[in-house]
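**Q** Submitted below is the structure of interest, expressed as structure tokens.
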DNA sequence: GTGCCCAAGATTGCATACGATTTGGCCAAG
DNA sequence: CTTGGCCAAATCGTATGCAATCTTGGGCAC
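Chains as they are written, first to last, in this note's numbering: chain A, 1 to 255; chain B, 1001 to 1255.
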């Protein structure tokens, strides 16, 4: 069972799995629109927080029950997550939280190394003073989360770190690349939650600052270099070898 | 009505719109699996062939009726196309064939200019003699379609041209980039059908050959250069200005 | 004791039904 | 003749029911 699984693994915040997963959705009034989108967001957050362990089965009825919607709506949300690569959908079997292989993780970062310099190049041409201000606010927010401790802070920290890259994509003004980055950031967060070995963010944060400074100066080449290093650092903090040896046991345990 | 609309615009091949759109799906035996995928493919083909004009409404019931399935599975297919950007979905209004703006078209090609050199770089490291052989076969196929005339040949030609880029992505061995290219090729095909002014392919074909030759020699830098030129040429063949003046009328007419 | 088979339970795939929202036309007022 | 509002038809969003498929546990044969 979904509830039991997450509860047993993370007793600290186990006031009830239902509340854990759906905590962030305030269905109060306006959300008469597209509940499946809200559910997608909630599940997405739960996955990249690792509150839902890779391999966990997400049954349609269960998800539907958790959010008080029919299987139809739950199914739509799961389908969307399937497109993003955060869940794997097997016909007649159901949806499972993705368990990206080390190889896939490398491909994700290789893709980012390809795309993000392009985003920087576009962003440096279009970024405004207002944007910069917005970025600085965002980075302060990020810093705030880093100083806090506890699981929910770490969660906010990963999210904030990803948001920096998403804002960059937004400034670049290319909606297609923005969508790609959306997917890549989501998958990266999952991979970091899976294979990360430390608090990457303290170093990540200062790198974000450096990138922003370079952008402000209009030095796109420097910003690109910094971005590549940043991605390298994130990937270097991952532990992508070990699992290779445990592939068998791993598959046995939770695939 | 969907049928009437396409029939009136393309009388030449109007043996009946139903057959036109669903012609390629042979539901005979194996397709007990995921009919929505088959429908997605059929609609995708119809869209990039321009048998379905941009702005055309794709009603769930109508699509369902055409393929003899319920709205549920038709809806799933439309949702998938929405993710790919080939249709635009508006809440409580329905799904419409995308009408990408010139600006969006430029963003699509900008994305390709970013990603495809990366794919080349990865492919040149991994391509095998067998792959090369496969590519040559594919290019012969492409040539064959170019020599033929008629609407269905032009369709096969656009598809074959896109397949070259998809094969390249496949050889590169990065499933994420491969997925991105899938989307980009689909959207490019739509844009070419929309804004293309001539038979791009005759020149495109020789460029494909040149790229392959460079790859065979292991000259990734040269292959990348050729690829960028190739993309430039495709984009240069488009007529992205005119519509700007007609923006008002355009929005009025079929957005 | 081990391995295979089969039936019951659970879960997904799909179809259909019903309420909600939008649209287009009709009629009346200006 | 135009404009504004109201009503009906069409279409979407969602829930639910049924058939098909998969999983699992027990029983039987070897």
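Note that CB positions come from ideal geometry on N, CA and C, so glycine has one too.
(1) Using beta-carbon positions only, say whether residue 1125 (chain B) and residue 1205 (chain B) come within less than 8 Å of one another.
(2) Quick check: what's the CA-CA separation for residue 1067 (chain B) versus residue 1127 (chain B)?
(3) Compare the C-beta of residue 118 (chain A) against all C-beta atoms of chain B and say whether one is closer than 8 Å.
(4) Is residue 74 (chain A) helix, strand or coil by DSSP?
(5) Interface residues of chain A around residue 1034 (chain B) at Cβ under 9 Å?
(6) Starting from the beta carbon of residue 241 (chain A), find every residue of chain B whose beta carbon is closer than 7 Å, and list them in chain order.
(7) How is the alpha helix (DSSP H) around residue 112 (chain A) delimited, first residue to last?
(8) How would you label residue 1072 (chain B), buried or exposed, when you count the other beta carbons within 10 angstroms and need 16 or more for buried?
(9) Hey, is residue 43 (chain A)'s beta-carbon within less than 8 Å of any beta-carbon in chain B?
(10) Helix or strand or just coil, what does DSSP make of residue 1069 (chain B)?
(11) Mapping the DSSP letters down to three states, classify residue 258 (chain A) as helix, strand or coil.
(12) Let me check understanding here. Comparing Cα to Cα, which of B:1191, B:1082, B:1186 and B:1176 lies closest to residue 1164 (chain B)?
(13) What are the residues that DSSP puts in a beta bridge with residue 87 (chain A)?
(14) For residue 175 (chain A), go through chain B and note every residue whose CB falls closer than 8 Å to its CB, in chain order.
(15) Run down chain B in chain order and give the residues with a C-beta less than 8 Å from the C-beta of residue 114 (chain A).
(16) State the start and end residues of the unbroken alpha helix (DSSP H) segment that holds residue 257 (chain A).
(17) Compare the C-beta of residue 1077 (chain B) against all C-beta atoms of chain A and say whether one is closer than 8 Å.
(18) Starting from the beta carbon of residue 1098 (chain B), find every residue of chain A whose beta carbon is closer than 8 Å, and list them in chain order.
(19) What three-state label does DSSP hand residue 52 (chain A) in the structure shown?
(20) Rounded to whole angstroms, what is the Cα-Cα separation between residue 196 (chain A) and residue 234 (chain A)?
**A** With the given structure in hand:
(1) no
(2) 40 Å
(3) yes
(4) helix
(5) 91
(6) Ordered by position in chain B, no residue passes the 7 Å Cβ test against residue 241 (chain A), which lies about 19 Å from the chain.
(7) 102-126
(8) exposed
(9) no
(10) coil
(11) Beyond the ends of chain A as shown, which are 1 and 255, falls residue 258 (chain A); an answer cannot be given.
(12) B:1186
(13) A:97
(14) 1104 and 1107
(15) 1114, 1115, 1118 and 1177
(16) Shown here, chain A extends from 1 to 255; a query on residue 257 (chain A) therefore has no answer.
(17) no
(18) Neighbours of residue 1098 (chain B) on chain A: none; closest Cβ ~12 Å, over 8 Å.
(19) coil
(20) 9 Å
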